[in-house]
Amino acid sequence: MGTAIPPAGVAKQAEHFDSAGVLSLAQAVERSTFSDRTLRSAISDGELVAYRRGRRIIIWEQDLIRWLRGFEKVQVTR
Numbered sequence: 002m003g004t005a006i007p008p009a010g011v012a013k014q015a016e017h018f019d020s021a022g023v024l025s026l027a028q029a030v031e032r033s034t035f036s037d038r039t040l041r042s043a044i045s046d047g048e049l050v051a052y053r054r055g056r057r058i059i060i061w062e063q064d065l066i067r068w069l070r071g072f073e074k075v076q077v078t079r
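Going by my numbering, the first residue of the sequence shown is number 2, and it counts up by one from there.
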């Protein structure tokens with residue numbers, strides 16, 4: 002995945018990961034309950050939008066939610 006140009010203000014918010022709506026990859030893993038590897042794969046495949054700030058990967062919370070909502074609902078039968 003190429004490096005996308007983040008919206009204005011992302012660089013400043015990225016310095017402080019407690020900023021509302023901006024998640025580090027580790028925070029996205031915690032909130033989604035998916036593994037680091039799964040999220041990195043989704044980013045690499047272009048399914049999940051993310052930005053790079055130096056070595057850090059930044060994910061907008063609303064992009065994570067959009068990705069999670071994209072899963073097909075299934076009904077478990079016994």
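By construction, the Cβ of each residue, glycine as well, lies at the ideal position given by its N, Cα and C atoms.
- Taking a contact as a CB-CB distance under 8 Å, the pair Asp64 and Leu49 counts as one, their CB atoms being some 7 Å apart.
- Taking each of Gly55, Tyr52 and Ile66 in turn and checking the Cα distance to Phe35, the smallest one comes out for Ile66.
- Taking the Cα of Gln28 as reference, the smallest distance to any Cα among Ala43, Arg56 and Ile60 is reached at Ile60.
- Runs of the alpha helix (DSSP H) lying entirely within the stretch 29-68, each at least 4 residues long, are 37-45 in chain order.
- In terms of CA proximity to Ala21, Glu62 leads the group Arg70, Val77 and Glu62.
- For Val23, the uninterrupted beta strand (DSSP E) run begins and ends at Val23 to Ser25, by DSSP.
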